[in-house]
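Following: one structure in structure tokens, then a few remarks.
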């Protein structure tokens, strides 16, 4: 009997903080591509970004996504304590973790990441390890034929959601409400830990 292939979405990000658009996008990708589950992976020491404590970001991701039976949160990058973390290395680790099952990985990235993909570590290997799903982001529409790898990616028909972690951090800094933009538990966590008050 042939084993059924398990299709797993990989949604990495800083999640600084996680917001409702992350959940909406993940669920739409899951349904459109018939994935079995989505694994959210908060980044560790990101090669291009600085942010708040990785532990805080992991905690917020667990609050935001744990209620959905199709969602899972992994600390695979955050628990790496030395050096920068790279997506290709994470996918290699996941391939080893799932070596006993027939698994296809679907790496979910934003269209802004597609533009920068040639700068990533070993981008060609990413396509060997996974299918790459590109989500349109405001100001970064993946329609330019000059973009490398454009012909290799999946671009699902998902409405543009103009919600970003940057905007939410700005709202918190300016004491504006973020209700309905983030999970209520995330809103409470941000308030209790006094996050984003020192910087946008």
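Numbering (the working numbering), first residue to last: -13 to 186. Quick reminder that beta carbons are idealized off the backbone N, C-alpha and C, glycines included. None of the values given here were measured: they were computed from a predicted structure.
- A direct Cα-to-Cα measurement between residue 120 and residue 57 gives close to 19 angstroms.
- The count of Cβ pairs closer than 8 angstroms, one atom from the stretch 88 to 102 and one from the stretch 42 to 52, stays below three, leaving the stretches out of contact.
- A buried status is given to residue 123, since no fewer than 16 other beta-carbon atoms sit within 10 Å of its beta-carbon.
- In chain order, 49 place their CB closer than 7 angstroms to the CB of residue 171, counting only its own chain and leaving out the 5 sequence neighbours on each side.
- For residue 21, there is no enclosing beta strand (DSSP E), as DSSP gives it neither H nor E.
- For the stretch 52 to 118, the full-length alpha helix (DSSP H) segments reaching 4 residues or more read 73 to 83, 97 to 102 and 109 to 115 along the chain.
- Rounded to the nearest angstrom, the Cβ distance from residue 101 to residue 133 is 6 angstroms, consistent with a contact under 8 angstroms.
- Beta-bridge pairing by DSSP links residue 165 to 168.
- Shown here, residue 16 sits in a helix according to DSSP, grouped into three states.
- Residue pairing by DSSP places residue 120 opposite 95 in a beta bridge.
- The three-state reading of DSSP puts residue 145 in coil, since its state is none of H, G, I, E or B.
- Linking residue 13 to residue 93 through their CA atoms gives a straight-line distance of about 14 angstroms.
- Non-local C-beta neighbours of residue 158 in its own chain, meaning closer than 8 angstroms and more than five positions away in sequence, comprise 164, 176, 181, 182 and 183, ordered along the chain.
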